[in-house]
Amino acid sequence: MVMKENITKNKNSTPVMRQYWDAKKQYPDSIMLFRMGDFYETFDNDAKITSNILNIALTKRSNGAASSVPLAGFPYHALDQYIHKLLDSGYKVALCEQVEDPKLSKGIVKREVVEVLSPGTAISSKFLNENENNFLASFFLKNEKIGYSILDNSTGEFYCGESNVDKIQNIINEYQIKELIIPIFQENEFQNIFNNQIMLSTYEDWKSDLDSCYNRLIKQFKSNSLKGFGIDDQELLIIASGAALFYLDNNYFKKTNHITSISQIVDEGYMKIDDFTIKNLEIFNSLNSQNKKGTLIENIDFTLTASGSRLLKKHLRRPLNDLKRIKRRLLLVEELKNNKELLDNIRFLLNQTYDIERIIGKIANEKSNPRDLINLSLSLEKLNEIKKSIKGRHKFLSKALAKIKNNNKIIKLIFSSIIDDCPINIIKGGYIKSGINNELDEYRNISKNASKWLLEYQEKQRAISEINSLKINYNKVFGYYIEVRKIHLNKIPNNFIRKQTLANSERYYTPELKEYEEKILSSNEKCNEIERNIFTEILNKITLSFNKIQNSAYIISYLDVLCSNAELAMNHNYNMPEFSNKSLFELKKSRHPVVERLLPFNEKYIPNDLNLNQLNRQIAIITGPNMAGKSTYLRQVAIISLLAQIGSFVPAEKCILGLVDQLFTRVGASDNLAGGESTFLVEMNEAANILNNATSKSLIILDEIGRGTATFDGLSLAWSITEYLHNNNKLNARTIFATHYHELIYLAEKLKKAFNLNIEVKEYNEELIFLRKIKEGGANKSYGIQVAEMAGLPSIVINRAKELLLKFSKDEIKKNVPSKNNKKQLNLFNENNLIKKIKSINLEQLSPIESLNFLYDLKKEINND
1 MVMKENITKN
11 KNSTPVMRQY
21 WDAKKQYPDS
31 IMLFRMGDFY
41 ETFDNDAKIT
51 SNILNIALTK
61 RSNGAASSVP
71 LAGFPYHALD
81 QYIHKLLDSG
91 YKVALCEQVE
101 DPKLSKGIVK
111 REVVEVLSPG
121 TAISSKFLNE
131 NENNFLASFF
141 LKNEKIGYSI
151 LDNSTGEFYC
161 GESNVDKIQN
171 IINEYQIKEL
181 IIPIFQENEF
191 QNIFNNQIML
201 STYEDWKSDL
211 DSCYNRLIKQ
221 FKSNSLKGFG
231 IDDQELLIIA
241 SGAALFYLDN
251 NYFKKTNHIT
261 SISQIVDEGY
271 MKIDDFTIKN
281 LEIFNSLNSQ
291 NKKGTLIENI
301 DFTLTASGSR
311 LLKKHLRRPL
321 NDLKRIKRRL
331 LLVEELKNNK
341 ELLDNIRFLL
351 NQTYDIERII
361 GKIANEKSNP
371 RDLINLSLSL
381 EKLNEIKKSI
391 KGRHKFLSKA
401 LAKIKNNNKI
411 IKLIFSSIID
421 DCPINIIKGG
431 YIKSGINNEL
441 DEYRNISKNA
451 SKWLLEYQEK
461 QRAISEINSL
471 KINYNKVFGY
481 YIEVRKIHLN
491 KIPNNFIRKQ
501 TLANSERYYT
511 PELKEYEEKI
521 LSSNEKCNEI
531 ERNIFTEILN
541 KITLSFNKIQ
551 NSAYIISYLD
561 VLCSNAELAM
571 NHNYNMPEFS
581 NKSLFELKKS
591 RHPVVERLLP
601 FNEKYIPNDL
611 NLNQLNRQIA
621 IITGPNMAGK
631 STYLRQVAII
641 SLLAQIGSFV
651 PAEKCILGLV
661 DQLFTRVGAS
671 DNLAGGESTF
681 LVEMNEAANI
691 LNNATSKSLI
701 ILDEIGRGTA
711 TFDGLSLAWS
721 ITEYLHNNNK
731 LNARTIFATH
741 YHELIYLAEK
751 LKKAFNLNIE
761 VKEYNEELIF
771 LRKIKEGGAN
781 KSYGIQVAEM
791 AGLPSIVINR
801 AKELLLKFSK
811 DEIKKNVPSK
821 NNKKQLNLFN
831 ENNLIKKIKS
841 INLEQLSPIE
851 SLNFLYDLKK
861 EINND
């Protein structure tokens, strides 16, 4: 959400409000949280927004001779609780902190903005979904081309690429971008593209200078050039990537050392999946509810770690099109599946690891705590145990884990320095082990022995004063004091100095007690200071090993995904797919991975087969009534191809697949009313995308093409599209086409590589029984009225529909379909004889009487009809 306002400072404002305006004008597009003692305060328009979003009181603050300003605030310890609500609402937040001790300040306390949080750069667990990446994107346009970078500040992942402008929305959708940064001079262009559908942030024009961006990148990666990353001469992506780092510099003040590498996004080696397909197959979100219920990810994700779940989603968004890599994954899954004891042990250890990627992000951004470091060392130790259990005994896993880098020094450093059961908060100290710093131990001994000294001092003063009820106590306001009831005031020693008078007692201190109090309090402060210094030293050493630790984090994620796939295969009877160098697709007893899990306990899933090839079975035309299972079968085939190419076993007794370079689906009806697109236009957009981009290695899944328009328009389009897919030799893509146009079954007689399939249905006592079985041949009925009757339409409507069906039923298509051997192009619709006669007459050659006779003959023919 863009927030730009005029920042005006009134010279009559109080000093602290002038300080606020000076800070605010530097960040006009952010809500400023201004630290004042134990509260974060917001002022003016920020206060109105904050009050509304957080549901907190909106009041006013006096401003000296100037008018009062709106005010809304909350306690500092509630920062994490509230800040994510502001981010969720699409706002950036600037934290303006007190940067000096109020006790030591002369005049107003010095304050500075220490970081700027935004939806695309946040790292707090309160804001982030642990199983999802939080991506920031940077775009740069030039000559219909776009350079882009994708960065997750919470994990350090950094990707870049170049593409055509028309792929912008695909990039946004594929990576679920939370915030997009662009140069100021291109703001209008991007506003026109996105129309406020995504949070846009801008950066100064100089940050799109090629040399500046190039130098920022090589500085980040401590290299002399970008050749080692394969992007040295790619101007647009260098600008986009450099600008992303500049943005983090400005917002997080150069806390980017967890970003240790950058990877170029390339299409080669990956299956292409467009946005329509991701949505139509319900891979991540349900079409009906936009949540995870009934989705593919919900039913196949058996990962135990947050980073593993994120990696599995990446695999599903970018399946492989590289047989060597696919087979490598499959062999690893097979090895785990065939060794249940090993699989269970690895999963047991994985379940004890933590999210290393995000721990590293917190360390880099100075947000980590002692517990994070203990969790980091525990995770690295568990990885060592996994490696030890596999080494030398399991061929493929041993080879995969050989790449794990040694992190034993980090493990030892953390375990030897930080208390195992340490507090989360570092403010009060008590998290560094004794015995590693002499000075710390000395000050701790003072604190530790304080209770003993105070007790002994209390007994000493009782003996001197002969007041047995004398007590030594402490509170934050008055520190340590001696309390004496008023009935003993005549016994007070001369060295007692009065501190406070109460109704029934007096409070005193002695020079000796005051001296020891200062020693105790200073020792606590000194302990905290020494512990913070030691903690900072540990973090600095960990920072030097970020590369190695991130390698281990990836291995944990990768292992988790492999184990998840093995667990899925073992528990749900999945089998290893086979691959062919021919463009075919064979399935035996295949199942839909989601539907079979959602069936009632006593209902058995009916498996089905498939046989596609480019020689004589390129296009399968599936007919059958609605509700019979056509759409389920289509999605089933598409999902199995996707699972096979992420390196997963598949829900089928047998699967042989020629690699799919692009998976296209046109399944289900939808519209884009906000974008001015009807259901039919959306359908045609999807169809156009398929016909313009598919290749001979693609897999095309079409469901009910043409149903969004008039019957004959839809039938004509469906027929023409099928012919195009068949006759275009460059295309020749494997295609499954489900349709309610039963006239299309005659295409199998015309097109030599087309064949019919239908969903088996039985009629019993005028009722339909769906057998869910795919069989060869076209359906002979549509059963539309029976399905409507099953849906509960009134009987009067059903009976009238049956009458009309008898009246409308004509077999025009069949009469005009030539055989496969007929070379003549089919004329789908037979012209009316009257129209032919009219077209054949040359009016200029007819005499008046001949014209009248011709008109008479036409009228006679019409009357005879």
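Taken in order, the sequence shown gives residues 1 to 865; the numbers are from the numbering used here.
Positions of the beta carbon are idealized from the N, C-alpha and C atoms, including for glycine.
Beta carbon of residue i nearer than 8 Å to that of residue j
i: A652; j: S716; result: no
i: I231; j: N224; result: no
i: I426; j: N468; result: no
i: T305; j: L343; result: no
i: E567; j: F302; result: yes
i: S698; j: K730; result: no
i: R772; j: G629; result: yes
i: A620; j: I736; result: yes
i: S51; j: K92; result: no
i: N473; j: R485; result: no
i: A47; j: F139; result: no
i: K207; j: F253; result: no
i: L236; j: S149; result: no
i: N299; j: R597; result: yes
i: F546; j: T260; result: yes
i: G361; j: I123; result: yes
i: N164; j: E187; result: no
i: D205; j: I184; result: yes
i: L336; j: L643; result: no
Residues near residue i in its chain [Cβ-Cβ closer than 8 Å; skip 5 each side]
i: K823; result: Confidence is the limiting factor: at K823 the pLDDT is only 42, short of 50, which leaves the residue's position unreliable, though a coordinate-based value still follows. Cβ within range, chain order: n/a, list empty.
i: S398; result: I390, K391, G392
i: A57; result: S51, A72
i: P15; result: G107, I108
Closest by C-alpha distance to residue i, when choosing among the options
i: N250; options: I150, L217, K293, V114; result: V114
i: L373; options: L311, S720, K412; result: K412
i: S417; options: I530, Y574, N188; result: I530
i: F755; options: D166, L744, H258; result: L744
i: P75; options: L33, K85, A748; result: L33
i: K519; options: F535, W453, Q458; result: W453
i: G658; options: P577, A400, D560; result: P577
i: P511; options: L502, S522, I497, L521; result: I497
i: K409; options: L376, N164, Y431; result: L376
i: Q264; options: N288, I184, G161, E366; result: G161
i: K382; options: R347, Q234, R318; result: R347
i: A400; options: V333, E459, G429, F415; result: V333
i: R61; options: F43, L54, H77, A78; result: F43
Cβ shell of residue i (< 6 Å), same chain only, five flanking positions each side left out
i: G120; result: L136, K178, E179
i: R507; result: Y481, E483, K499, Q500
i: K588; result: D609, E653, K654
i: K815; result: Its pLDDT being 44, under 50, K815 is placed unreliably in this model, and the coordinates cannot settle the point.
i: G676; result: No answer about G676 holds up, because its pLDDT of 44 lies below 50 and its placement is not dependable.
i: D713; result: none
i: N173; result: D275
i: F649; result: A569, Y574, N575, M576
i: Y159; result: I150, S263, I265
i: I273; result: L663
i: L828; result: Any reading at L828 is ruled out, since the residue's pLDDT is 39, under 50, leaving its predicted position unreliable.
Chain C within 8 Å of residue i, Cβ atoms only
i: V660; result: Any reference to chain C falls outside this structure, which holds one protein chain only.
Neighbourhood of residue i by C-beta, 7 Å cutoff - its chain only, sequence neighbours within 5 removed
i: N365; result: I123, Y252, K255
Original post:
What runs of the beta strand (DSSP E), each 3 residues or longer, lie entirely inside the stretch 196-283?
Top reply: Inside the stretch 196-283, DSSP marks whole beta strand (DSSP E) runs of 3 or more residues at positions 200-203, from first to last along the chain.
Original post:
Is there contact here, the stretch 150-168 with the stretch 351-363, by at least three beta-carbon pairs under 8 Å?
Top reply: Yes: the two stretches touch, three or more of their Cβ pairs being nearer than 8 Å.
**OP:** Scan the stretch 465-537 and note each continuous beta strand (DSSP E) run of 3 residues or more that stays entirely inside, going in chain order.
**Re:** As summarised for the stretch 465-537, the continuous beta strand (DSSP E) elements at least 3 residues long and confined to that stretch are 471-475, 479-485, 497-501, 505-509, given in chain order.
Original post:
Pairing CB atoms from the stretch 101-114 with CB atoms from the stretch 166-184, are three or more of them under 8 Å?
Top reply: Per the Cβ contact rule, the stretch 101-114 is not in contact with the stretch 166-184 (fewer than 3 Cβ pairs under 8 Å).
Original post:
With a cut-off of 8 Å, do at least 3 Cβ pairs link the stretch 433-449 to the stretch 520-535?
Top reply: The stretch 433-449 is in contact with the stretch 520-535.
**OP:** Say whether the stretch 487-494 touches the stretch 388-395, bearing in mind that this needs 3 or more beta-carbon pairs closer than 8 Å, one atom from each stretch.
**Re:** Three or more beta-carbon pairs separated by less than 8 Å are not found between the stretch 487-494 and the stretch 388-395, which leaves the two stretches without contact.
Subject >> Ordered list of alpha helix (DSSP H) runs contained in the stretch 121-198, each at least 4 residues >> reply: Runs found: 168-174, 187-194.
Original post:
Where in the stretch 621-695 do unbroken runs of the alpha helix (DSSP H), each at least 4 residues long, occur, reported from the N-terminal end onward?
Top reply: DSSP runs (the alpha helix (DSSP H)) wholly in the stretch 621-695: 630-645, 679-693.
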